[in-house]
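Please read the structure below before turning to the comments.
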Amino acid sequence: MSDLSKVPVTIVTGFLGAGKTTLISHLIRNAGGRRLAVVVNEFGTLGVDGDILQSCAIPDCPAENIVELANGCICCTVADDFIPTVEKLLALDPRPDHILIETSGLALPKPLLKAFDWPAIRSRITVDGVLALADAEAVAEGRFAPDVAALDAQRAADPGIDHETPLSEVFEDQLACADMVLLTKVDLAGPEGVAAARAVIAAEAPRPVPVIELVDGVVDPRVILGLDAAAEDDIDARASHHDGEDDHEHDDFDSTVVTLGEISDPADLVARIETLARDHRILRVKGHAAVTGKPMRLLVQAVGARVRHQYDRPWRADETRRTTLVAIAERDHVDVATIEAVLIR
Numbered sequence: 003m004s005d006l007s008k009v010p011v012t013i014v015t016g017f018l019g020a021g022k023t024t025l026i027s028h029l030i031r032n033a034g035g036r037r038l039a040v041v042v043n044e045f046g047t048l049g050v051d052g053d054i055l056q057s058c059a060i061p062d063c064p065a066e067n068i069v070e071l072a073n074g075c076i077c078c079t080v081a082d083d084f085i086p087t088v089e090k091l092l093a094l095d096p097r098p099d100h101i102l103i104e105t106s107g108l109a110l111p112k113p114l115l116k117a118f119d120w121p122a123i124r125s126r127i128t129v130d131g132v133l134a135l136a137d138a139e140a141v142a143e144g145r146f147a148p149d150v151a152a153l154d155a156q157r158a159a160d161p162g163i164d165h166e167t168p169l170s171e172v173f174e175d176q177l178a179c180a181d182m183v184l185l186t187k188v189d190l191a192g193p194e195g196v197a198a199a200r201a202v203i204a205a206e207a208p209r210p211v212p213v214i215e216l217v218d219g220v221v222d223p224r225v226i227l228g229l230d231a232a233a234e235d236d237i238d239a240r241a242s243h244h245d246g247e248d249d250h251e252h253d254d255f256d257s258t259v260v261t262l263g264e265i266s267d268p269a270d271l272v273a274r275i276e277t278l279a280r281d282h283r284i285l286r287v288k289g290h291a292a293v294t295g296k297p298m299r300l301l302v303q304a305v306g307a308r309v310r311h312q313y314d315r316p317w318r319a320d321e322t323r324r325t326t327l328v329a330i331a332e333r334d335h336v337d338v339a340t341i342e343a344v345l346i347r
């Protein structure tokens with residue numbers, strides 16, 4: 003790649019827990035000789051995904067090529083965070099062959115696309131493609147909105163009102179901006195769930211886009227990298243609920259971090275997280291736990307009441323053994339006292 007050529011950038015978007023980090027981890031391990039760089043954006047102050055990706059670092063994507071932005075939505079902090087980060091990556095020697103950007107699950111991709119027109123970077127990078135990940139099981143069950151059927155019925159009865167929820171707007175904006183949809187966790191959804199999810203995506207996407215089914219983030223990188231979409235050049239074709247607005251905020255969502263000591267029973271922690279999803283409408287919980295008597299750190303990832311956990315690495319000598327979890331929900335459902343009471347009881 004010559005110094006005058008543009009570095010391709012792939013934007014990986016998708017709703018909470020759709021599998022973005024799993025996909026990027028797979029791409030890092032299967033770079034095929036590409037020198038990769040990664041920008042990962044967290045919602046909330048506790049960085050989990052960046053830490054996971056750092057552990058996947060290899061010579062083609064060393065740790066210094068993986069940058070985490072955990073102090074705000076990437077599409078809302080363009081000048082302060084995104085542009086300087088991209089400039090830093092472009093200044094690396096050797097320069098990356100491809101940059102992957104993992105947005106937070108709540109990010110709207112179109113404002114981020116607009117950032118590629120900034121004078122400081124527009125002649126040096128191009129958006130190779132926007133990938134929207136969708137959890138097949140969740141989409142099939144309509145989890146991106148509390149009750150999609152009821153909302154549609156209300157809109158049909160009174161065209162003068164619009165009761166779309168924040169979750170559905172995020173989902174629809176991500177689909178509208180995508181060059182390709184990656185339907186994840188199809189093994190959990192089953193054939194009927196996959197068919198239902200495909201039907202939802204076909205109905206919501208404003209233009210036909212390829213849909214690829216994935217399990218555990220495994221996909222041939224040649225299928226999703228090298229799309230050459232130059233997405234920054236056809237922004238107007240990617241409709242958004244926020245078109246015409248000068249800016250946007252994520253006041254619809256909030257998060258809180260809960261810190262505990264060591265836990266004795268991972269199954270009990272899982273049950274508490276399930277309670278948060280079931281009784282208190284918490285969308286996402288993720289973080290790390292210190293388990294008494296275990297030298298390994300327990301990685302916890304929950305989407306609604308579906309909780310996964312595994313020991314990911316030993317605790318380092320310079321780390322304090324403790325349990326730290328971030329909970330994310332719509333703003334009205336983030337009651338810090340209640341969340342702490344459920345997790346700490």
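Sequential numbering of the sequence shown, starting at 3, is according to the working numbering. Idealized CB from N, CA, C, for every residue including glycine.
{"Item": "Contact check, residue 15 vs residue 128, beta carbons under 8 Å", "Value": "no"}
{"Item": "For residue 203 and residue 177, believed in contact at Cβ under 8 Å, the rounded distance", "Value": "6 Å"}
{"Item": "Short Cβ contact (8 Å threshold) for residue 182 with residue 114", "Value": "no"}
{"Item": "Inside the stretch 246-319 only - alpha helix (DSSP H) runs reaching at least 4 residues", "Value": "268-282"}
{"Item": "Residue 193, DSSP secondary structure in three states", "Value": "helix"}
{"Item": "Three-way DSSP call (helix, strand, coil) for residue 154 in this model", "Value": "For residue 154, the pLDDT reaches just 48, beneath the cut-off of 50, and the residue's location in the model is therefore unreliable, although a value from the coordinates is still provided. Helix, per DSSP."}
{"Item": "Pair within 8 Å by beta-carbon distance, residue 322 and residue 262", "Value": "no"}
{"Item": "Beta strand (DSSP E) segment containing residue 105, residue limits", "Value": "No beta strand (DSSP E) contains residue 105, which DSSP labels as neither H nor E."}
{"Item": "For residue 331, the three-state DSSP class (helix, strand or coil)", "Value": "strand"}
{"Item": "Residue 188 - DSSP class collapsed to helix/strand/coil", "Value": "helix"}
{"Item": "Residue from 318, 10 and 236 whose Cα sits closest to the Cα of residue 91", "Value": "10"}
{"Item": "Check whether residue 277 and residue 341 have beta carbons under 8 Å apart", "Value": "no"}
{"Item": "DSSP three-state assignment for residue 16, whether helix, strand or coil", "Value": "strand"}
{"Item": "Cβ-heavy atom distance, residue 145 to the ligand ZN, below 7 Å", "Value": "As for the ligand ZN, it is missing from this structure, which has no ligand bound."}
{"Item": "Residue 215 - DSSP class collapsed to helix/strand/coil", "Value": "strand"}
{"Item": "Of the residues 315, 136, 240 and 117, the one placed nearest residue 107, counting alpha carbons only", "Value": "136"}
{"Item": "For residue 138 and residue 201, believed in contact at Cβ under 8 Å, the rounded distance", "Value": "Contact doesn't hold; Cβ gap of about 11 Å is too wide."}
{"Item": "Residue span of the alpha helix (DSSP H) that contains residue 322, given as start and end", "Value": "That residue, residue 322, is in no alpha helix (DSSP H); it is neither H nor E in DSSP."}
{"Item": "Among 130, 289 and 285, the one whose alpha carbon lies nearest that of residue 311", "Value": "289"}
{"Item": "Inter-residue spacing [alpha-carbon to alpha-carbon] between residue 329 and residue 284", "Value": "7 Å"}
{"Item": "Integer-rounded CB distance, given that residue 293 should sit under 8 Å from residue 264", "Value": "7 Å"}
{"Item": "Range covered by the beta strand (DSSP E) that runs through residue 336", "Value": "Per DSSP, residue 336 belongs to no beta strand (DSSP E) and is neither H nor E."}
{"Item": "CB contact flag (residue 130, residue 23, <8 Å)", "Value": "no"}
{"Item": "Inter-residue Cα distance where the pair is residue 41 and residue 99", "Value": "14 Å"}
{"Item": "Host beta strand (DSSP E) of residue 42 (start-end)", "Value": "38-43"}
{"Item": "Cross-strand partners of residue 238 (DSSP beta bridge)", "Value": "DSSP output for residue 238 lists no bridge partner at all."}
{"Item": "Proximity of residue 286 and residue 19 at Cβ, strictly below 8 Å", "Value": "yes"}
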